[in-house]
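Take a look at the structure below.
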Amino acid sequence: MSAKFWTDERVTELRHLTEVEKFTAKQCATKFGVTRSAVIGAWSRNGIKSKNGMLDTHPRPIGERPKRAKREKKQREGPRILPKLLPTSAPREIPIRADVKPISILELTNATCRWPIGERYPYLFCGALEADLEAGVPYCPYHFVVAIKGGDE
Ligand SMILES: [Zn+2]
5 MSAKFWTDER VTELRHLTEV EKFTAKQCAT KFGVTRSAVI GAWSRNGIKS
55 KNGMLDTHPR PIGERPKRAK REKKQREGPR ILPKLLPTSA PREIPIRADV
105 KPISILELTN ATCRWPIGER YPYLFCGALE ADLEAGVPYC PYHFVVAIKG
155 GDE
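See the structure below:
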């Protein structure tokens with residue numbers, strides 16, 4: 005069919021569209037109502053050079069775009085799962101010793117209990133003189149137990 009279809013007249017037009025109008029194979033195919041490969045075949049048989057000087061007119065190097073698209077797709081396929089935040093124990097009743105007056109951070113010494121009282125300014129600390137930071141005991145015995153127990157209570 006293609007041999008008959010591509011008359012001298014059509015080949016001349018194809019050559020004009022391709023070399024002058026810079027039509028792509030697909031545009032030519034649409035124009036003539038044939039397949040793209042039929043256009044490329046006609047180019048090949050008649051020595052018509054497309055705008056890229058190639059018989060096949062890929063507007064961009066093969067592999068470049070698909071690779072990028074693939075990568076984007078991959079990213080989309082794997083939605084980042086946000087790491088679950090560590091379960092924060094609901095603010096419990098803060099153990100405060102009624103027998104000790106809380107102190108500010110400026111009043112902390114190696115001997116004062118560093119158990120934080122409250123979570124907002126002004127930050128206060130237990131302050132009981134029963135800690136020994138140098139010995140690795142930052143809290144008074146009462147808060148030391150609370151610290152070790154953690155959220156088990
Ligand atoms: Zn304490």
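Per the numbering used here, the sequence shown starts with residue 5, numbered consecutively. Quick reminder that beta carbons are idealized off the backbone N, C-alpha and C, glycines included.
Notebook entry, point to check: So what does DSSP say about L59, is it helix, strand or coil?
Noted result: Against the sequence shown, residue 59 aligns to sequence position 55. No answer about L59 holds up, because its pLDDT of 49 lies below 50 and its placement is not dependable.
Next item on the list: On a CA-only basis, which of K53, A102, F9 and V149 is nearest G37? Give me that one, please.
Entry: Counting from 1 along the sequence shown, the entry for residue 37 is found at position 33. It is F9.
Check: With 16 as the cutoff for other CB atoms within 10 Å, does P106 come out buried or exposed?
Finding: As a first step, residue 106 must be located in the sequence shown, where it is residue number 102. With 16 or more Cβ atoms within 10 Å of its Cβ, P106 is classed as buried.
Notebook entry, point to check: Can N114 and E138 be called in contact, C-beta distance under 8 Å?
Noted result: By 1-based counting over the sequence shown, the position of residue 114 is 110. By 1-based counting over the sequence shown, the position of residue 138 is 134. A contact, by the Cβ cut-off of 8 Å.
Notebook entry, point to check: So, is I243 buried or exposed, given that buried needs 16 or more other C-beta atoms within 10 angstroms?
Noted result: In the structure as shown, the chain starts at 5 and stops at 157, and residue 243 therefore has no counterpart that could be examined.
Notebook entry, point to check: DSSP three-state call for P99: helix, strand or coil?
Noted result: Within the sequence shown, residue 99 is the residue found at index 95, counting from 1. Here DSSP, grouped into helix, strand and coil, assigns P99 to coil.
Margin query: Please list the terminal residues of the continuous alpha helix (DSSP H) segment that includes P145.
Written below: As a first step, residue 145 must be located in the sequence shown, where it is residue number 141. Residues P145 to K153.
Notebook entry, point to check: Under a Cβ-count criterion, where at least 16 other Cβ atoms within 10 Å of its own Cβ denotes burial, should T22 be classed as buried or exposed?
Noted result: Numbered from 1 along the sequence shown, position 18 holds the residue referred to as residue 22. The residue is buried, with at least 16 neighbouring Cβ atoms inside 10 Å.
Checklist line | By C-beta, the residues closer than 6 Å to any heavy atom of ligand 1, given in chain order | finding: R101, C117, W119, C130, A132, Y143, C144, Y146 and H147
Item checked: DSSP-derived helix/strand/coil call for S54 -> Indexing the sequence shown from 1 puts residue 54 at position 50. In the structure shown, S54 adopts coil according to DSSP, grouped into three states.
Next item on the list: Could you work out which residue in P120, Y127 and L128 is closest to F150 when comparing CA atoms only?
Entry: Position 146 of the sequence shown, counting from 1, holds the residue named residue 150. Just to set this straight, residue 150 is Val in the shown sequence, not Phe. Checking every option, the nearest Cα to that of V150 belongs to P120.
Check: Whole-angstrom Cβ separation of R14 and I52, contact assumed at under 8 Å?
Finding: Counted from its first residue, the sequence shown places residue 14 at position 10. Counted from its first residue, the sequence shown places residue 52 at position 48. Not a contact, Cβ separation roughly 11 Å.
Check: Where does F36 sit, in a helix, a strand or coil, going by DSSP?
Finding: The sequence position of residue 36 within the sequence shown is 32, counting from 1. F36 carries a helical assignment under DSSP once its states are collapsed to helix, strand and coil.
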